[in-house]
Structures are given as structure tokens and as C-alpha cells.
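**Student:** Order-wise, the sequence lines are chains A and B.
Using the UniProt record's numbering, read the first sequence as starting at 1 and increasing by one per residue.
Using the UniProt record's numbering, read the second sequence as starting at 1 and increasing by one per residue.
Structure incoming, see below.
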Amino acid sequence: MKFDTSGLESTASVFGTAGSELVDGFSAAPAFELPTTTDVSFSFVCYALRFVWEGKSQNCLWVEFDFAFWFQFDGFQKEAVQMVKPAKGTTTLAFIFKDGVIVAADSRASMGGYISSQSVKKIIEINPYMLGTMAGGAADCQFWHRNLGIKVPENNQALMAKPSLPLSLIDALSTACKIAWQSQCRLHELTNKRRISVTGASKLLANILFSYRGMGLSVGTMIAGWDETGPGLYYVDSEGGRLKGTRFSVGSGSPYAYGVLDSGYRADMSIEEAAELGRRAIYHATFRDGASGGVASVYYVGPDGWKKLSGDDVSELHYKYYPVVSTEAPEPDRMVEA
Amino acid sequence: MARYDRAITVFSPDGHLFQVEYALEAVRKGNAAVGVRGTDIVVLGVEKKSTAKLQDSRSVKKIVSLDDHVALVCAGLKADARVLVNKARIECQSYRLTVEDPVTVEYITRYIAGLQQKYTQSGGVRPFGLSTLIVGFDPHLGVPALYQTDPSGAFSAWKANATGRNSNSMREFLEKNYKETSGQETVKLAIRALLEVVESGGKNIEVAVMTKDQGLRQLEESEIDAIVAEIEAEKAAAEAAKKGPPKDS
């Protein structure tokens, strides 16, 4: 009797097993299907990326439409992942305290040195009692754009045009992941007549991201919510990692945010104190990290659901934390007319 | 009408699915089974046909667990039951893997019922010839639940129900005598219902109870015998009270 492991494998390759379910009782796929990722356009994405990365050093063009290739970790993928890793230009944080969860994020999207937006919504409202933060994703695609642009020879106009193809597909992919995930959570709620737990929602997202592993997504997200077991907080990333914890910060500004968060954290804070801590941590991260800025949003998730507590422009917060103190400058010696 | 019962995908002119109805007949020939839901306990009981002398009785357990907190008893074709139970067990674990939560009783009942329905709407297969009684506790709220499914794929929740042989008499008894009970009282009610149609004695009944904390527990023959004796004593006392004090002759 062969144990059915179809639920455990990554479903990044295609199967049409719906028909065989009836005939062979033991290989029925579990009720939860993972998304398949064999869109032909992905092979083209990979082809375009590969050409630009390695084709420059070769004289010939080779065509790779081999799906299996992309699930092996050769040097190209390692390089690619390494390049993308530090690029999540953002600061997001979340922590659990006695009354619930605080979620805070900045709102800046940067393209290398260019600030493309100061008003990006990084906190996603999944349902009335659960929030998710997305670091990377769309903002990150801009990094790909910059790097690909640099590597492409200036005199080849055709190649200059190419980078936008993988970038828009990765952007579309991370948006697609987000939508697929929200739909799955909602479907769970409808079929089971009860809300999905934070554990379940984070597991669904982790499975979705895992199935796209190695395809260039760079996403670090935190799922915060309140379910039947109380407050819950998970960190999920595009490598397929998933961690349960009480304090997380994700993004390029996270070291600065962690500093403030870890030193100011007490489990027995009130909601206002906790919100202030989150706000302050985001502010300090935006102060020092160039890729973070804009508006510091703070949300609170409690037993009745989430509530947006504040959205302050960090430049105004600056004057709150570092108020201008007038210093007595010594009077300059006056030039007296002789 | 004979023309309409060969392939189950075909309706009869008056709207019957004959194969499904024949499957229900198979259920009616199966062992009597009863399920009762109490406030903090659920009880399943099933008739045990006397085992042959050389048969190892341990291999014929009829009340099976699907997970730590869900159990099931079937009436009908035992081989079909095995296949269904295996699929349900895999689904319980698959659900645990995907959402890191145990299944609710309603979810797994819906899955089993869905499976039974699928086999009434496909070519070349016949329906499962069994009805199930599924009991368990909600993993978060701790509330007990009892569900029944049948070969057509319909399912519903019950406070107490019976299926298999003579299920109508058992159900009538339960309707007359059901009240919210807990603990040992629920067990007694289930056994009393079963004794309406089954020969008395621990040898002929299999009973299992499930509580939130201790999961599924099969009752020993001696325990069942003790409860049966209690029930008979109560019955005798009730009879005597009805007859009144002996008349002086």
C-alpha cells in the first residue's frame, strides 16, 4: 500500500490527476490543493533572466524551456537570491503584548536611489481580525530592474527593453500570491462556517510561497491576528520559511526597528504604550534607513478585530521626538566701525 | 423500472436513483448501530454478531477512530467501510498538515458525505453501501457532536440516531426516551436503545465512549455486562412498580 504523499510534494509541476481519484482510492489528492505554477510565461521569464545574466558573457543565445531545470539550485539561482535578499526596502514590525498585537509599517517604495512612492500600503487587511504585512514584492521588483539595467550593455536597445518583462511578471506573481491567499482564507471561512486561524492562514501562505520558491519572489511577510486561541503572530517568507513568534521586524530598516523595539518592550504595556513603541520604532528606522520613510501606520489587533490607530508622516514625528531646541548662540563680534 | 437501475448515472422517470436506494437496502441489512450525544460525552454502540470459535475477535472492531477526537461506526458493507475510513483518515491528517488544526466533526462528515455523493454521480462505479454515524468533539470549543451520513451523500447532525438493522424501532425508542444526559446516563441510554433489537449481553454489543479529555475508549465486556445488569434491574423494578403492591387474595 503506497502512502499518498501528493499533499507533501511541491506542486510546482503539473498533474492532471483529477480523473484518477475515483479509480485508485489511495492516491486521492487531499482537499487542499496548492497552486500550480507552470504558466508558459514563467519559462520565458527564466529564459529572459538567464540570458541577461549569463548571455552577456557568451556569444550564443541558448533557449531554456526546461521546467525541471528551475527547481535545481545551480549557481545562477544562488546568485540571484543573494542579490535580492538585502533589497527589501521597507520597515515593518509586529509584536504581541498582553492585550493583543501591534502591527506597524512605513510606506516608502524605492527603486535603488529613487523614491518611487511615499504612500504604499504595506499592511494588508485580510479579514476583520487578521492583518498581513508585505515587505518586498512590488517594491523589490524595482531592485531587479536596476540590476538588470546595469548588467545590460548600453548599446543594445533590444536588451534594454527586456528587463521590464521579468519585473512585471514578478510583480504580477506576488500580487497573484496575495490574491490567491486571501481567496483561500475566505473559502475556508465559507466552507467551515468559522474563521480561519492565524496558524492556518500563515500555513496557506507559506505553502503558496513555497510552491514559487526559486522563481525570484522576494517577500517577507508577517501574519498577525486574533483567533480562538488568542493573539497570533507568524513570519512567512518567500524561501518558504515560517516562524511563530512574539516579536518580528522585516525589511531593510529592521535592525534599527529591532533596537528600539527590544529595548522598549514590556509584555504588560497598555494599548497606547504599545502603539507608541511601534510608532517610535518605525520612526527611528525611517530616520536611519534611506529605503524606509513616508507614513508610519500603526494597527492594533484585539479580540474584536483590527483597528488602525494612527498614520503619521515620519517627518512630523521627527519634530515630536527631536523637538527643535533653541540654543543660545554667542553673539558674533560685531565689526565696529572704526 | 428495471431499465433504470443498471448505470447509476441515470434517473428513473419518477426521479429515483435506484442504485442509491438499493444501497440503502444493503444498509438495512447491516448491523444495528446507535449513537447518542450527551452534554460532555458521546456514545457509539453496535451489534456484534457472534464471532466464530476460531475467529480472532480483536480483528473485527467495528467502532473506529478517525483521529484523536473523532470516531465512526458504519452499518452496511464492511469492505466499503474500510475504504471510506482510510480516505477519511488521510483527509484528517492532510487537514492537520495544511492548517495545523484538527478537523471539526462537521468538516470530516462533510468530506465523507461528499465522497459518498461522488460515487453516485460517476460512471462505472457503484455507491458505497453503508451509512455512518460520526461522533467527536470540536477541537476548540469542546462541544460534542453526532452526525449521520448515508449512501446518497446526505448528512445531518443528530442528538441521537440509529442505523442498520431495525433502526426504526431503535429511533422510535430514542425519540420516546431521549433527554439531555451526561456521563454514565448517556451510555445507559445508548445501550437501552440497542437492547431493544439485540440479544442482551456484553458478548453481543460493542460500545465505545468518547470524552473531550480522554478520547475514544472501548468498553470492556465486563463493563457492558454490568451496565446491562443495571438496566435489567431498573426495568424489573419499573415493571414491579407498575403492577402495584401484590393484591391480597
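Note that the Cβ used here is the ideal one computed from N, Cα and C, for glycine as well.
Using 8 Å as the threshold, is the C-beta distance between residue 251 (chain B) and residue 153 (chain B) below it?
**Tutor:** Since the first and last residues shown for chain B are 1 and 249, residue 251 (chain B) lies out of range.
**Student:** Please state whether DSSP places residue 109 (chain B) in a helix, a strand or coil.
**Tutor:** Residue state, collapsed to three classes: helix.
**Student:** Is it buried or exposed for residue 55 (chain B), if we count other Cβ within 10 angstroms and need 16 for buried?
**Tutor:** With fewer than 16 Cβ atoms within 10 Å of its Cβ, residue 55 (chain B) is classed as exposed.
**Student:** Would residue 147 (chain B) count as contacting chain A if we go by Cβ distances under 8 Å?
**Tutor:** Not an interface residue.
**Student:** Can a CB atom of chain B be found closer than 8 Å to the CB of residue 199 (chain A)?
**Tutor:** Judged by the 8 Å Cβ criterion, residue 199 (chain A) is in contact with chain B.
**Student:** If you follow the beta strand (DSSP E) that residue 133 (chain A) is in, where does it begin and where does it stop?
**Tutor:** First-last of the beta strand (DSSP E) with residue 133 (chain A): 130-136.
**Student:** How far does the beta strand (DSSP E) with residue 97 (chain A) in it reach, from first residue to last?
**Tutor:** It spans 92-97 - the beta strand (DSSP E) in which residue 97 (chain A) sits, taken as one unbroken run.
**Student:** Quick check on this structure: which residue in A:209, A:223, A:224 has the alpha carbon closest to the alpha carbon of residue 217 (chain A)?
**Tutor:** Per the Cα distances, A:209.
**Student:** Would you identify the three-state DSSP class for residue 128 (chain B), choosing helix, strand or coil?
**Tutor:** Looking at residue 128 (chain B) - three-state DSSP - the assignment turns out to be coil, as it is neither helix nor strand.
**Student:** What runs of the beta strand (DSSP E), each 3 residues or longer, lie entirely inside the region 39-121 of chain B?
**Tutor:** You should have 41-47, 63-67, 70-76.
**Student:** Over the uninterrupted alpha helix (DSSP H) stretch that includes residue 189 (chain B), give me the two end residues.
**Tutor:** It spans 184-195 - the alpha helix (DSSP H) in which residue 189 (chain B) sits, taken as one unbroken run.
**Student:** Specify the secondary structure class of residue 206 (chain B) as computed by DSSP and reduced to three states.
**Tutor:** Reduced to three states, the DSSP call for residue 206 (chain B) is strand.
**Student:** So, with DSSP's three-state summary, where would you put residue 32 (chain B)?
**Tutor:** Residue state, collapsed to three classes: coil.
**Student:** CB-CB under 6 Å to residue 91 (chain B), same chain, minus the five flanking residues each way: which ones, in chain order?
**Tutor:** Correct list, in chain order: 111.
**Student:** Counting contacts by CB-CB distance shorter than 8 Å, is residue 1 (chain B) in contact with chain A?
**Tutor:** Per-residue confidence for residue 1 (chain B) stands at a pLDDT of 49, beneath the threshold of 50, marking its modelled position as unreliable; no derived number is given.
**Student:** Identify every residue that forms a DSSP beta bridge with residue 103 (chain A).
**Tutor:** A:94, A:299.
**Student:** Using 8 Å as the Cβ pair cut-off and three pairs as the minimum, do the region 233-241 of chain B and the region 91-106 of chain B touch?
**Tutor:** No, the region 233-241 of chain B does not touch the region 91-106 of chain B.
**Student:** List, in chain order, every chain B residue whose beta-carbon is nearer than 8 Å to that of residue 192 (chain A).
**Tutor:** Correct list: 104, 106, 107.
**Student:** What residues match up with residue 37 (chain B) in a beta bridge as DSSP calls it?
**Tutor:** DSSP, once it has assigned bridges, lists B:42 as partnering residue 37 (chain B).
**Student:** Which of the three DSSP states is assigned to residue 211 (chain B) in this structure?
**Tutor:** Correct three-state label for residue 211 (chain B): strand.
**Student:** On the criterion of 16 or more Cβ atoms from any shown chain inside 10 Å, does residue 246 (chain A) qualify as buried, or is it exposed?
**Tutor:** Residue 246 (chain A) comes out exposed.
**Student:** Among B:134, B:188, B:195, which residue has its Cα nearest to the Cα of residue 62 (chain B)?
**Tutor:** Ranking the options by Cα distance to residue 62 (chain B), first place goes to B:134.
**Student:** Can you find a C-beta in chain B that's less than 8 Å from the C-beta of residue 228 (chain A)?
**Tutor:** Closer than 8 Å to some Cβ of chain B, the Cβ of residue 228 (chain A) qualifies, so yes.
**Student:** Along the beta strand (DSSP E) that carries residue 163 (chain B), what are the first and last residues, could you check?
**Tutor:** Taken as a continuous stretch (DSSP letters only), the beta strand (DSSP E) holding residue 163 (chain B) covers 160-163.
**Student:** Residues in the region 70-102 of chain B with C-beta within 8 Å of chain A's C-beta atoms, listed in sequence order?
**Tutor:** Within the region 70-102 of chain B, the qualifying residues are 83, 86, 87, 90, 91, 94, 95, 97, 98, 99, 100, 101.
**Student:** Expressed to the nearest angstrom, what Euclidean distance is found between the alpha-carbon atoms of residue 103 (chain A) and residue 25 (chain B)?
**Tutor:** So the alpha carbons of these two residues sit roughly 59 Å apart.
**Student:** Where does residue 142 (chain B) sit, in a helix, a strand or coil, going by DSSP?
**Tutor:** Note: residue 142 (chain B) maps to coil in three-state DSSP.
**Student:** Indicate whether at least one CB of chain B lies closer than 8 Å to the CB of residue 203 (chain A).
**Tutor:** So, interface residue.
**Student:** For residue 140 (chain B), return the contacting residues in chain A, with the cut-off set at a CB-CB distance below 8 Å.
**Tutor:** Simply 228, 229.
**Student:** If we cut at 8 Å on Cβ distances, does residue 98 (chain A) have a partner in chain E?
**Tutor:** Although the question refers to chain E, the structure presented lacks it and instead comprises the protein chains A and B.
**Student:** In or out: residue 188 (chain A) buried (at least 16 other Cβ within 10 Å) or exposed?
**Tutor:** It is buried - the Cβ of residue 188 (chain A) has at least 16 other Cβ atoms within 10 Å.
**Student:** Between the C-alpha atoms of residue 99 (chain B) and residue 212 (chain B), what's the straight-line distance to the nearest angstrom?
**Tutor:** Cα-Cα distance, rounded: 21 Å.
**Student:** Mind pulling the beta strand (DSSP E) runs of 3 or more residues that sit fully within the region 190-247 of chain A?
**Tutor:** List check, beta strand (DSSP E) in window: 219-227, 230-237, 242-244.
**Student:** Expressed to the nearest angstrom, what Euclidean distance is found between the alpha-carbon atoms of residue 78 (chain B) and residue 131 (chain B)?
**Tutor:** Their Cα atoms are separated by approximately 11 Å.
**Student:** Under 8 Å between the Cβ atoms of residue 264 (chain A) and residue 289 (chain A)?
**Tutor:** No; because the gap between Cβ atoms is not below 8 Å, this pair is not in contact.
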